[in-house]
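A.B. asks: Take this structure, written in C-alpha cells, and hold onto it; I'll ask about it next.
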Amino acid sequence: MTSPTEELFGSGSATGRLMARLDWAATPLGPVQSWPQSLRAAVRIVLSSRYPMLLLWGEQFTQLYNDAYSALIGDKHPGALGDDVRTTLAEGWDVLAPLIDDAMATGVASWVPALQLLLDRSGYREEAYFSVSHAPARDDDGRTVGVFTVCSEVTEQVVGERRLGLLRDLSVRGDGVTVDVASTCARLVEAIGGHRLDVPFAAIYLREGATLHRVACTGDGPAAVLPDVVVDGDPAWGLWGAGGGATTEVHGVAERMTLPAGAFHEPAATAVALPLPSAEAHQPLGVLVAGVSPSRALDEAYRSFFHLLAQQVAVAVRNARAYEEERRRAEALAELDRVKTSFFTNVSHEFRTPLTLMLGPLTDALVDERHPLPPEQRERVDTARRNATRLLTLVNSLLTFSSLEAGRARSRARQVDLPELTAELAGVFRSAVERAGLRLEVDCPPLPRPVALDPANWERIVTNLLSNALKHTFVGRISVGLHAHPTELRLTVADTGIGIAEEEMPRLFERFHRVDGARSRSHEGTGIGLALVGELARLEGGDVRVDSQVGRGCTFTVALPWSALHRGTDDTVAASDLGDTARAAAQEASGWLVDPVGPEPAEEGSPGTLPDDGRGVRILVADDNADMRAYLARLLTGQGWQVDTVGNGRQALDAIRRDPPNLVLTDVMMPEVDGFALVRTLRGQPDTRALPVVVLSARAGADAAVEGLDLGADDYVVKPFTAADLVARVRATLEGARRRLRTPDAEDDRPEPPRSTPPTGAAPSPAPPATVPVDASSTGAATDSTPPLTDTAGATADPPPSLTGTAEAASAGTASDPAPAAARTMDAASPDVAPAVPGHPVVGPRRAAAPAGAPTTVRVPNGHETASVVDTGWSYPSEASSAAAMRRDVRTSLEALHVHPDVVQDLLVAASEAFNNAVEHAQQPTRPEVRVRLQVGAGTARLTVRDFGTWRDRRSAMDRGRGATLMNALGDVRLMSTASGTTVTIERRLTDDQG
4 MTSPTEELFG SGSATGRLMA RLDWAATPLG PVQSWPQSLR AAVRIVLSSR
54 YPMLLLWGEQ FTQLYNDAYS ALIGDKHPGA LGDDVRTTLA EGWDVLAPLI
104 DDAMATGVAS WVPALQLLLD RSGYREEAYF SVSHAPARDD DGRTVGVFTV
154 CSEVTEQVVG ERRLGLLRDL SVRGDGVTVD VASTCARLVE AIGGHRLDVP
204 FAAIYLREGA TLHRVACTGD GPAAVLPDVV VDGDPAWGLW GAGGGATTEV
254 HGVAERMTLP AGAFHEPAAT AVALPLPSAE AHQPLGVLVA GVSPSRALDE
304 AYRSFFHLLA QQVAVAVRNA RAYEEERRRA EALAELDRVK TSFFTNVSHE
354 FRTPLTLMLG PLTDALVDER HPLPPEQRER VDTARRNATR LLTLVNSLLT
404 FSSLEAGRAR SRARQVDLPE LTAELAGVFR SAVERAGLRL EVDCPPLPRP
454 VALDPANWER IVTNLLSNAL KHTFVGRISV GLHAHPTELR LTVADTGIGI
504 AEEEMPRLFE RFHRVDGARS RSHEGTGIGL ALVGELARLE GGDVRVDSQV
554 GRGCTFTVAL PWSALHRGTD DTVAASDLGD TARAAAQEAS GWLVDPVGPE
604 PAEEGSPGTL PDDGRGVRIL VADDNADMRA YLARLLTGQG WQVDTVGNGR
654 QALDAIRRDP PNLVLTDVMM PEVDGFALVR TLRGQPDTRA LPVVVLSARA
704 GADAAVEGLD LGADDYVVKP FTAADLVARV RATLEGARRR LRTPDAEDDR
754 PEPPRSTPPT GAAPSPAPPA TVPVDASSTG AATDSTPPLT DTAGATADPP
804 PSLTGTAEAA SAGTASDPAP AAARTMDAAS PDVAPAVPGH PVVGPRRAAA
854 PAGAPTTVRV PNGHETASVV DTGWSYPSEA SSAAAMRRDV RTSLEALHVH
904 PDVVQDLLVA ASEAFNNAVE HAQQPTRPEV RVRLQVGAGT ARLTVRDFGT
954 WRDRRSAMDR GRGATLMNAL GDVRLMSTAS GTTVTIERRL TDDQG
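Residues in the sequence shown are numbered from 4 upward in steps of one, following the working numbering.
Here it is in C-alpha cells:
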C-alpha cells in the first residue's frame, strides 16, 4: 500500500524523490500526513510543472520547488528544500522581500521582468536576471499563507543586449568623423566608460615602432596605474605579449588598484589584454586592456565579447588612420595644386613680357609700308607672328584658369547686346567652318530683357565650344543658338561630329582630361578648353551640360539664370580687345584644314633609287600643325628635295601607297594615326620595311627616343631643332639608305615575318658569303683580350681573327670611304691571307666589313663538319642616336648567317643596353667613339662593346638597374673596366641548327 508521502512526491522527478526522503517533521510544515489539502494540491502543481516554480508556505517561508527551479539556484540545491527562503537567498532578499510581502498582504499577483538579483550560486557573487511572478497561495480556509513564485532566468539575454549596445556605441563613436587617431581613441574609451558593468576600465595602446604608447584610458585610477609606454619584453599587464598577437589574462588587479566594479561595486580582480588586429597578422595595431566584471564569470561568451570589442576598436583606429592619411594626402595635393596654380600664374605673367616684345616687332615688320618685307621674309615673319599669337592665347588661358583655381577670378559685368555679340563671335569661325565643308547655322534672336555679364568670359565660352565642335566634326553642320526661357538664358552649340561616349561624360569638364583615341582634326591642345568653359559658366552664375550620342554628335548647353544676368555693372571694362581670342582660335583652327603651301610636283624617277645629287628625292612630311608643315616644306625644298605634306598618319599611309617617297618625316602626336603607329605599320609591310623614317616629336627624353628607335625609326629628332641639324639628319638617313641599295649582300635591318618552308620547285636560298681564308701567322696583329669561342663540349674552337690596325684603318679609310662615321668599319682589309691551320688559333689582320655591315666569313675545318666563323666590327660616334646604326649593322650580319630571329632580337636588345651604357657612363673619353665587335662561331655569338672613358657612378635614384638585369637575362655578360675604357662582352648560345 502506498504511503501518503510517496503518493504526494511520487512524480518521478529527481527533486520529488529528494522531497520524499526529507524529514518534513523537522521542518515548520510538520509531517506530511498533517498537511492540509490545499498544501498538497499546491505541491502537486509545482512538481508537475516543467517551468521553474517555487512554493513558499507558512510564516517561515518554507521552500518547495521542482527540478527546473533547482537548476536556477545552483549550489544552493538541495539544501534549500524545506529551508527558509530568507536564509537561502539572503544575498538577494532585500530585492525579493518587498515583492513577497506585497503578494501576501494584498493577495494580488505581480510580474517583474528582468529583475536583477545577486546570487551566490557558483562560488562568487553573481549578477543574475529573472523574470518573476509572485501569486498568493491560500489554505483550506481561503487565507493567504504562502506565495507561488514562477520565474525564468534571462541573464544571458540582458547581458548580451547590454554588450551589443556597447559595440553599437563604439561603431557610432568610431565612425571616422574625427580628424585624428588620438581623438578617435578618446571617443572609443568614452563609449566604453559608459558600460562599466561589462568593462570596468579600459585603455588603448598603439604601436609606434618598437614600443606601445597609451593613447586613451578610462578614469583616473587606471591611468595612474597603467604604464604610459611599454618597451620590448616588458611583462607588465601582459601588454607586450598581446602586442605580439596573443590574448593575455592579467590577475591580481585588485592588488594594484582599488576600483569598485560590477553590479555590486566589488573590486575588479582580473583584466584581459587583447591585440588590436591589423592587415598584418604578425604585427597588431596595438593592444586593448579591458577589466573583467567581478560579477560575471570570464566564460566563453565573455571572451567572445572582448574579442569583438577589440575588433571594433581596431576597425575604428584603422579608419581614423586612413582618414588621417587621406586628409594629409588631400592637404598635400591642395598645397601642390596651390603651388602649381601660383607657378602657372607667375610663369604666365613672365611669358607675357617676351611675347609682347615678340609680337610687337613682328606686327610692325608686317605693316611697315616704308620698308616692306620681301615675300619670302614676309611668310617667315607671318608664321612667327601667328605662332606667337597662339602662344599668347595659351598663356592667357592658363592665366585665366589659374585665377579661377585660386579663387581670384571675378566677373566684371556690363550690359551687352548678347545676341549680337554671340553672332559676331560665331561669324569669326564661319570661314574655317565652311572651308572644312561644314555648315554654320546661327540663331540668336533678340532677348526680351537686357542682360549684364562679363563679355570677355562670354567670348572664351563661345570660342572654346566652337573650336571644340570644329575639331571633332567632319560632316554635317555646327549650330549656335541663344534663346530665352522662362527661368534662364540658354546658349547651345550643337554639332554632327563624332560624339562622346557615355563613360567619358563624368570627366568631360575635368582639367587636362582628353578622350583617348577620339578622332579629331588635330592632336594639339592643352585639355583645359572645356574645363575653362565649365569654370567660367559657374563664375557667371550658371552651369554647363552636354547631351551626346556616339557617331551622331553632341550639344553643349550653357544655362544662365535670369537672376545672374541682372546685377551691377562695371563701366570701366574696356571692350577694345573683344574678338581677339576668337580670331586667334579661328586662325588656329584654319591651320587644321589646309596647308599654306601645296605639295611640289615630283620629278620622274624610280621609287627604288636614290640619286646621288639629291635631285628627284621625294620626302613625305606628316604633321598636324599647318605652320610646321609649311616650315618643313620650305626648309627641305631649299635643299633641292621634292616635298609632299599630309596632316596625319592615315593620310601618310594613303600617300605612300599611291606613290612611295624616298623618306618619311613624321610627327609623333597626330590625330587618327600617330607617328609611332605609322612607323609600326610601315615596318610591318614588306614593301615599306626599308623606307627611311625620321621621327619628329616634342616629347623629350631618352625613353621617348628609345621607343621610336625600337619601332624601327631611322632617327628621332626632338623639338625645338635647328634647321641645320634637321637637314643633316635627313641627309645622313638618305645616305644610309643609298648605301644599303648599293650593297647587294646587305640585308635591311627591319624585322621580317617568320620564314616558311618554300614550296616545291621554289628557287633555292642565296648562297652563303664566299669563304675567305685568313693568315695564321701574319705579323703586326694586335692581341685581342677577348677569349676564344668554345663549343658546347667546352673545348676551345678555332677562334676568329683578332682586331688589328684600328686607328690606322680608320684614318686610312676616311678620305675614300663614302660611308659616315656611324657605319665605318673599325679595321682595314688585309690582302695577305693564308689558310687557317686546324687546331691552332686563327690570328692576323681582319678584313674590313662591308659598308652596310656585311660580315667577314671564314671557313674553319672542324673534324667532319664545317663551322662558320664571323669576326667583324664597327666604330660609331659616342652618341645615343648611333644606336640605331649599330642595331642595323649587327642585325644585317646575323641575318646573313640565318641566325634564328629570336636570337637576333635578344642580342640586339642586349647590345642596345650595353651601347647606351657606354654612351651614358663614359666620362671624358680619350676617343669620342664606341666600338662594337661581333664574333660568331662554334655555336656561339659574342658581342663586345667598348668605350674609351671612365665610367661615372650613378645615384640609386637615377638607376633602376633594369639594363644590367635585362642583359644578364638575354646572355652571359662580363664587364672589364680599365683606366683606358670599359669593355662589355655578351655571349649567347645559338640554336642547335645555328652552329
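Don't be surprised by glycine CBs; every beta carbon is placed ideally from N, CA and C.
Please state whether the Cβ-Cβ distance between residue 66 and residue 97 is less than 7 Å.
C.D. replies: Position 63 of the sequence shown, counted from the start, is the residue given in the question as residue 66. Position 94 of the sequence shown, counted from the start, is the residue given in the question as residue 97. In this structure, residue 97 does not lie closer than 7 Å to residue 66 by Cβ.
A.B. asks: Identify, in the order they occur along the chain, each residue of the same chain with its Cβ nearer than 6 Å to the Cβ of residue 988, setting aside the five sequence neighbours on each side.
C.D. replies: By 1-based counting over the sequence shown, the position of residue 988 is 985. Within the same chain, residue 988 has close Cβ partners 947 and 977.
A.B. asks: Quick check: what's the CA-CA separation for residue 1 versus residue 557?
C.D. replies: It is not possible to answer for residue 1, since the shown part of the chain is limited to 4 through 998.
A.B. asks: Residues in the same chain with beta-carbon distance under 6 Å from residue 554, minus the five sequence neighbours each way, listed in chain order, please.
C.D. replies: The residue labelled residue 554 in the question sits at position 551 within the sequence shown. Excluding residues within five positions, the ones whose Cβ falls inside 6 Å are 502.
A.B. asks: Check residue 844 in the structure and name its three-state DSSP category.
C.D. replies: In the sequence shown, residue 844 corresponds to position 841, counting from 1. Legend: pLDDT at residue 844 = 33, less than 50; position of this residue unreliable, value from coordinates given subsequently. Here residue 844 sits in coil by DSSP.
A.B. asks: With a cut-off of 8 Å on the beta carbons, I'd call residue 485 and residue 564 a contact; round off their distance for me.
C.D. replies: For the purposes of this step, residue 485 is identified with residue 482 of the sequence shown, where counting begins at 1. For the purposes of this step, residue 564 is identified with residue 561 of the sequence shown, where counting begins at 1. About 15 Å; that fails the 8 Å criterion.
A.B. asks: With distances taken from CA atoms, which of 552, 70, 141 and 676 is nearest residue 507?
C.D. replies: Counting from one through the sequence shown, the residue named residue 507 turns up at place 504. Nearest of 552, 70, 141 and 676 to residue 507, Cα basis: 552.
A.B. asks: Jot down the residue ranges of each uninterrupted beta strand (DSSP E) in the region 17-44, minimum 3 residues, whole runs only, in chain order.
C.D. replies: Qualifying beta strand (DSSP E) stretches: none in this window.
A.B. asks: When the Cα atoms are used, what is the spatial distance from residue 248 to residue 974?
C.D. replies: To locate residue 248, count along the sequence shown from 1; it is residue 245. To locate residue 974, count along the sequence shown from 1; it is residue 971. Roughly 48 Å between the two C-alpha positions.
A.B. asks: Going by DSSP in three states, residue 679 sits in which element: helix, strand or coil?
C.D. replies: On the sequence shown, residue 679 is found 676 positions in, with the first residue counted as 1. Helix.
A.B. asks: Sort 133, 114, 896 and 211 by Cα distance to residue 158 and report the nearest one.
C.D. replies: Indexing the sequence shown from 1 puts residue 158 at position 155. Checked all of 133, 114, 896 and 211; the closest Cα to residue 158 is 133.
A.B. asks: Distance, Cα to Cα, residue 681 vs residue 321?
C.D. replies: Working through the sequence shown from its first residue, we reach residue 681 at position 678. Working through the sequence shown from its first residue, we reach residue 321 at position 318. Cα-Cα distance, rounded: 51 Å.
A.B. asks: Taking the CB atoms as reference points, tell me whether residue 417 and residue 539 lie closer together than 7 Å.
C.D. replies: Stepping through the sequence shown from its first residue, residue 417 is reached at position 414. Stepping through the sequence shown from its first residue, residue 539 is reached at position 536. Against a cut-off of 7 Å, the Cβ pair of residue 539 and residue 417 comes out as no contact.
A.B. asks: Do the region 274-289 and the region 241-255 meet, that is, are 3 or more Cβ pairs less than 8 Å apart?
C.D. replies: Taking 8 Å as the limit for Cβ pairs, the verdict is that the region 241-255 does touch the region 274-289.
A.B. asks: For the region 123-131 against the region 68-79, are there 3 or more C-beta pairs whose distance is under 8 Å?
C.D. replies: Short answer: they touch.
A.B. asks: Using alpha carbons as the reference points, say which of 509, 164, 400 and 727 lies closest to residue 535.
C.D. replies: For the purposes of this step, residue 535 is taken as the residue at position 532 of the sequence shown. That would be 400, whose Cα lies nearest to the Cα of residue 535.
A.B. asks: Specify the secondary structure class of residue 620 as computed by DSSP and reduced to three states.
C.D. replies: Indexing the sequence shown from 1 puts residue 620 at position 617. Residue 620 falls in the coil class under three-state DSSP.
A.B. asks: Looking at C-beta atoms only, is the number of pairs between the region 584-591 and the region 431-439 that lie closer than 8 Å three or more?
C.D. replies: The region 584-591 vs the region 431-439: in contact.
A.B. asks: Return the chain-ordered list of same chain residues with a C-beta closer than 8 Å to the C-beta of residue 28, the five sequence neighbours on each side being excluded.
C.D. replies: Numbered from its first residue, the sequence shown carries residue 28 at position 25. Closer than 8 Å at Cβ, skipping near neighbours: 34.
A.B. asks: Quick one: complete beta strand (DSSP E) runs, 3+ long, within the region 269-325?
C.D. replies: Here the runs fully enclosed are 273-279 and 289-295.
A.B. asks: Which of the three DSSP states is assigned to residue 447 in this structure?
C.D. replies: The sequence position of residue 447 within the sequence shown is 444, counting from 1. Reduced to three states, the DSSP call for residue 447 is coil.
A.B. asks: Taking residue 198 as the reference, which of 469, 264 and 6 has the closest Cα?
C.D. replies: Numbered from its first residue, the sequence shown carries residue 198 at position 195. Selected option, being the one with the closest Cα: 264.
A.B. asks: Indicate, with yes or no, if the ligand ADP has a heavy atom lying under 6 Å from the CB of residue 655.
C.D. replies: What this structure holds is no ligand at all, so the ligand ADP is not there to describe.
A.B. asks: Look up residue 486 in the DSSP assignment and give the residues it is bridged to.
C.D. replies: Locating residue 486 in the sequence shown gives position 483, counting from the first residue. Partner(s): 493.
A.B. asks: If you count every other CB in all the chains shown that lies within 10 Å of the CB of residue 918, and 16 or more means buried, which is it?
C.D. replies: Counting from 1 along the sequence shown, the entry for residue 918 is found at position 915. Result: buried.
A.B. asks: Return the CA-CA distance between residue 986 and residue 894, expressed in angstroms with no decimal places.
C.D. replies: In the sequence shown, counting from the first residue as 1, residue 986 sits at position 983. In the sequence shown, counting from the first residue as 1, residue 894 sits at position 891. Between residue 986 and residue 894, the C-alpha separation is close to 21 Å.
A.B. asks: Which residues bound the alpha helix (DSSP H) around residue 422?
C.D. replies: Taking the sequence shown and counting its residues from 1, the one referred to as residue 422 is at position 419. Per DSSP, residue 422 belongs to the alpha helix (DSSP H) from 421-431.
A.B. asks: Alpha carbon to alpha carbon, how far is residue 887 from residue 391? Give it in angstroms, no decimals.
C.D. replies: Numbered from its first residue, the sequence shown carries residue 391 at position 388. Numbered from its first residue, the sequence shown carries residue 887 at position 884. Roughly 35 Å separates the two Cα atoms.
A.B. asks: If you compare alpha carbons, which of 683, 700 and 701 is closest to residue 694?
C.D. replies: In the sequence shown, counting from the first residue as 1, residue 694 sits at position 691. Residue 683 is the option with its Cα nearest to residue 694.
A.B. asks: State the Cα-Cα distance for the pair residue 397 and residue 403, rounded to the nearest angstrom.
C.D. replies: As a first step, residue 397 is located in the sequence shown; it is residue number 394 there, counting from the start. As a first step, residue 403 is located in the sequence shown; it is residue number 400 there, counting from the start. Whole-angstrom Cα-Cα distance: 10 Å.
A.B. asks: Does the Cβ of residue 543 have 16 or more other Cβ atoms within 10 Å, making it buried, or fewer, making it exposed?
C.D. replies: Here residue 543 refers to the residue found at position 540 of the sequence shown. Result: buried.
A.B. asks: Rounded to a whole number of angstroms, what is the C-alpha to C-alpha distance between residue 141 and residue 44?
C.D. replies: Position 138 of the sequence shown, counting from 1, holds the residue named residue 141. Position 41 of the sequence shown, counting from 1, holds the residue named residue 44. Between residue 141 and residue 44, the C-alpha separation is close to 11 Å.
A.B. asks: Residue 665: buried (16+ other C-beta within 10 angstroms of its C-beta) or exposed?
C.D. replies: For this step, residue 665 is matched to residue 662 along the sequence shown. Buried, by the Cβ-count rule.
A.B. asks: With DSSP collapsed to three states, give me the class of residue 522.
C.D. replies: Indexing the sequence shown from 1 puts residue 522 at position 519. Residue 522 falls in the coil class under three-state DSSP.
A.B. asks: In this structure, how does DSSP classify residue 436 when only helix, strand and coil are distinguished?
C.D. replies: If you number the sequence shown from 1, residue 436 lands on position 433. If DSSP states are grouped into helix, strand and coil, residue 436 belongs with the helices.
A.B. asks: Within 10 angstroms of its Cβ, does residue 652 collect 16 or more other Cβ (buried), or is it exposed?
C.D. replies: Mapped onto the sequence shown, residue 652 falls at position 649. Answer is buried; the Cβ neighbour count reaches 16.
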